[in-house]
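Chemist:
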Ligand code: KIV
């Protein structure tokens, strides 16, 4: 069954939602076939796919390119695409134009943007234009310089109140769902109880209405230290290394390709003899 924003709304309080990041066709297809509810074309692709130090260099063209590939691999999952840095911060008309391209060219079914009450005019305009919006509060990586690094958010009473107020504002502006990133579990639980739209946690504890992880993190693709909230569900990086090393060994030693990997000529001698 196709996952839509309606599926998300109806899941609240009934069933946990699953979301994973996806950036390409083949991976999206595997996730889709395993019943993941939503595929997030996250701007984390700047780091895990393109090797940038943060998400700030990601362009709208990058997002469209990867989102279109993911959309081709997703038949039942909802495809959500991040609006990259500076694609929605400048003005409402620019936000609409850029989100429109993610929907039309990237074939996204919803967009996600980072930030709270300050961005509600953008959220309202998108929702009025029939573009579903997922909010994103807590650690918002596009604000890494303003936040002074990648840190847990909402730790003081004032910061926690601001997060709750922002969550309510996004709900009121029409967001259909809300990512909470690196927020203390008890605060995420409280926010999840207080709003009617589903919260999707990443480093926000078990009481969110769903969870999201970056797939390279959950499959152990990179050697770099993963944050505390990441659970490794596989050792794909290790398996890939072993396969690459075996391939290199076999090519160097001449054991690959073997007979079974070769095409043959029916009458080899007759064909080869005619060559000059
Ligand atoms: O870009 C991304 O991958 C994200 C998730 C971490 C929620 O925004």
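Residue numbers (my numbering): 1 to 276. In this text, a Cβ means the ideal position worked out from N, Cα and C, and glycines have one as well. Note that the structure is predicted; figures quoted are calculated from it, not measured.
Considering only the alpha carbon of each residue, which of 249, 228, 223, 248 lies closest to residue 237?
Modeler: 223
Chemist: So what does DSSP say about residue 41, is it helix, strand or coil?
Modeler: strand
Chemist: Can you list the beta strand (DSSP E) stretches of 3 or more residues lying completely in the region 193-276, in chain order?
Modeler: 199-202, 210-213
Chemist: Do three or more CB pairs link the region 117-126 to the region 65-81 at distances below 8 Å?
Modeler: No, the region 117-126 does not touch the region 65-81.
Chemist: What is the C-beta distance between residue 106 and residue 146, in whole angstroms, given that I count them as a contact (C-beta under 8 Å)?
Modeler: 27 Å between Cβ atoms; not a contact.
Chemist: Where does residue 12 sit, in a helix, a strand or coil, going by DSSP?
Modeler: coil
Chemist: Regarding residue 140 and the ligand KIV, is the C-beta to nearest heavy atom distance less than 6 Å?
Modeler: Checking every heavy atom of the ligand KIV against the Cβ of residue 140, none is found closer than 6 Å.
Chemist: So, does the region 77-89 touch the region 32-45, judging by three or more C-beta pairs under 8 Å?
Modeler: yes
Chemist: Please check the pair residue 178 and residue 167, which I expect to be a contact at CB under 8 Å, by giving their CB distance rounded to whole angstroms.
Modeler: 6 Å
Chemist: Answer yes if the region 196-204 comes into contact with the region 6-25, meaning at least three C-beta pairs across the two stretches below 8 Å, and no otherwise.
Modeler: yes
Chemist: Mark residue 112 as exposed unless 16 or more other C-beta atoms lie within 10 angstroms of its C-beta, in which case mark it buried.
Modeler: buried
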